[in-house]
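Residue numbers (this note's numbering): 5 to 145.
If you want it as structure tokens, here you go:
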């Protein structure tokens with residue numbers, strides 16, 4: 005019997021890709037020398053890298069446990085809000101967004117774009133209930 009988790013739905017793919025990319029970015033941010041506070045044009049610091057690692061881990065976990073759609077919805081909303089907050093100068097304390105982490109214009113745009121993509125897929129793309137086993141059965145004469 006094939007479980008639902010063997011079907012790669014759009015929500016599962018998006019959660020998986022977000023998980024992999026954010027995990028890699030978080031690891032690179034921790035490993036590479038970022039004394040300048042800049043990683044390929046993006047402002048980074050320890051908190052920012054830890055947020056990326058956590059996002060990556062949660063994205064991968066969601067992709068393999070049936071929570072991909074909910075992850076995309078929640079992640080999308082959070083990252084849209086972070087992107088919008090980054091555009092409001094009054095929300096910077098000690099040169100950090102909400103006093104927590106460094107961000108710049110590139111970070112804000114990336115947060116908005118990725119958040120919008122995840123939210124759009126999470127809220128507007130329905131996952132098919134058809135599993136690979138059902139598809140194989142339908143294809144037989």
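Every residue gets a Cβ at the ideal spot worked out from N, C-alpha and C, and that includes glycine.
For clarity, every value in this text was computed on a predicted model and none was experimentally measured.
Mind checking residue i: buried by the 16 CB within 10 Å criterion, or exposed?
| i | result |
| --- | --- |
| residue 68 | exposed |
| residue 17 | exposed |
| residue 2 | Only positions 5 to 145 of the chain appear in this structure, which leaves residue 2 out of reach. |
| residue 63 | buried |
Put residue i into one of helix, strand or coil per three-state DSSP.
| i | result |
| --- | --- |
| residue 42 | strand |
| residue 102 | coil |
| residue 144 | Unreliable placement is indicated for residue 144, whose pLDDT of 47 sits below 50; no coordinate value is reported for it. |
Over the uninterrupted alpha helix (DSSP H) stretch that includes residue i, give me the two end residues.
| i | result |
| --- | --- |
| residue 123 | 109-128 |
| residue 90 | 72-90 |
| residue 69 | 50-69 |
| residue 230 | This structure cannot settle anything about residue 230, because the visible part of the chain is limited to 5 through 145. |
CB-CB under 6 Å to residue i, same chain, minus the five flanking residues each way: which ones, in chain order?
| i | result |
| --- | --- |
| residue 79 | 122 |
| residue 66 | 19, 72 and 75 |
| residue 27 | 60 |
| residue 33 | 43, 48 and 53 |
| residue 22 | 63 |
For residue i, collect the residues of the same chain with a Cβ closer than 8 Å to its Cβ; drop the 5 residues on either side in sequence, then sort them by chain order.
| i | result |
| --- | --- |
| residue 140 | Low confidence applies to residue 140: its pLDDT is 47, below 50, so where it sits in the model is not reliable, and the reading given next is rough at best. No residues qualify anywhere along the chain. |
| residue 116 | 83, 84, 87 and 88 |
| residue 120 | 80 and 84 |
Kindly list the residues whose CB is nearer than 7 Å to the CB of residue i, restricted to its own chain and excluding five residues on each side of it in sequence; keep chain order.
| i | result |
| --- | --- |
| residue 126 | 15, 73, 76, 77 and 80 |
| residue 45 | 110 |
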